[in-house]
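Counting from 1, one number per residue, gives the positions in the sequence shown under full-length UniProt numbering. Think of the CB as a built atom: it goes at the ideal place given N, C-alpha and C, for glycine as much as any other residue.
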Amino acid sequence: KRLALDYYYAPASTPSRGPMMTARALGIELNLKSVDLVKQEQLKPEFLALNHQHTLPTLVDGSFVLWESKAIIGYLVSKYGKDDDALYPREPCKRALVDRLLYFDMSLHQHFRDWAFPAMKQGLPPCPEALVKFQTYLGHLDTHLRLQGTRFVTSDTICVADQTLACATTTYRELGVSMISHPHIVSWLQRCEADMPGYADICLEGANIMAQCFKEILTVK
């Protein structure tokens, strides 16, 4: 039996959840090691010895240590997936489309941070202008889903970009971000909830943890 991989993560962290979803889909057992950022456990010497950038998530596979969420996802599929794994296709055009959406997810998350983090970390009022930009990027995803016309973001099969974007948009929804203008995101998330391994206990549960902490201060009056 393959040994479980050590996985250092923060349960409320959206980037922490994507690799967990990928591991679930691949049948990989993770030895979950929760790191409390409030208590600054990421600065403990034993963690710094693994990851000098003290970032989460961090994966330990034997003697190999890797951080950055998207890099971990690619590594898991490359090492433990099938040659033709639809999660992260090897065919260049199909993979490029998945990669584009993974990079888009990073841009979307940055716009979320620009809007939410001043309130979450500094106690400042959420910025209306930043919310407009964030909603514009959500609109780009909604338009992509409409034009793509498939059940999931690149095809009728779940890929790793579905996993990361589902973690992100579920978090935004649970934080009270309006999805009224994004009906294609709403229906796609319903398909993710029905078909995606780990959606309830990884994606949604983590989003709810985040919402319990921050929904009230981010609620648009």
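Inter-residue Cα distance where the pair is residue i and residue j
{"i": "D99", "j": "Y7", "result": "23 angstroms"}
{"i": "C167", "j": "A207", "result": "8 angstroms"}
{"i": "V77", "j": "D85", "result": "8 angstroms"}
{"i": "A4", "j": "M21", "result": "15 angstroms"}
{"i": "C203", "j": "Q212", "result": "15 angstroms"}
{"i": "D114", "j": "K94", "result": "31 angstroms"}
{"i": "P183", "j": "D142", "result": "7 angstroms"}
{"i": "residue 222", "j": "R191", "result": "Outside the shown range of the chain (1 to 221) lies residue 222, about which nothing can therefore be said."}
{"i": "Q148", "j": "H140", "result": "12 angstroms"}
{"i": "K79", "j": "C127", "result": "42 angstroms"}
{"i": "K221", "j": "S178", "result": "In this prediction, K221 scores a pLDDT of 43, lower than 50, which makes its location untrustworthy; no coordinate-derived value is stated."}
{"i": "I209", "j": "S13", "result": "9 angstroms"}
Proximity test, residue i beta-carbon vs the ligand FMN heavy atom, cut-off 7 angstroms
{"i": "E205", "result": "This structure lacks the ligand FMN; in fact it carries no ligand of any kind."}
Span of the beta strand (DSSP E) around residue i
{"i": "L30", "result": "30-34"}
{"i": "D162", "result": "Unbroken run through D162 is the alpha helix (DSSP H), 160-174; no beta strand (DSSP E)."}
Identified DSSP bridge partners for residue i
{"i": "V60", "result": "D6, V65"}
Residue interval of the alpha helix (DSSP H) (run including residue i)
{"i": "V98", "result": "92-122"}
{"i": "A130", "result": "128-148"}
{"i": "D195", "result": "183-195"}
{"i": "C213", "result": "205-218"}
{"i": "M179", "result": "Neither: M179 is in no alpha helix (DSSP H) and is coded neither H nor E."}
{"i": "L26", "result": "14-26"}
Anticipated Cβ contact below 8 angstroms, residue i with residue j, distance rounded
{"i": "P11", "j": "S69", "result": "Contact flag wrong, Cβ pair sits at about 14 angstroms."}
{"i": "F214", "j": "L189", "result": "So it is not a contact: roughly 20 angstroms between Cβ atoms."}
{"i": "T154", "j": "L97", "result": "5 angstroms"}
{"i": "L26", "j": "G81", "result": "6 angstroms"}
{"i": "F104", "j": "Y172", "result": "Not confirmed; about 14 angstroms, so no contact."}
{"i": "L66", "j": "I73", "result": "About 10 angstroms separates the two Cβ atoms, so there is no contact after all."}
Segment contact flag, the segment 154-167 with the segment 111-129, C-beta cutoff 8 angstroms, min 3 pairs: no
Segment contact, 8 angstroms Cβ cut-off, at least three pairs: the segment 197-206 with the segment 127-141: no
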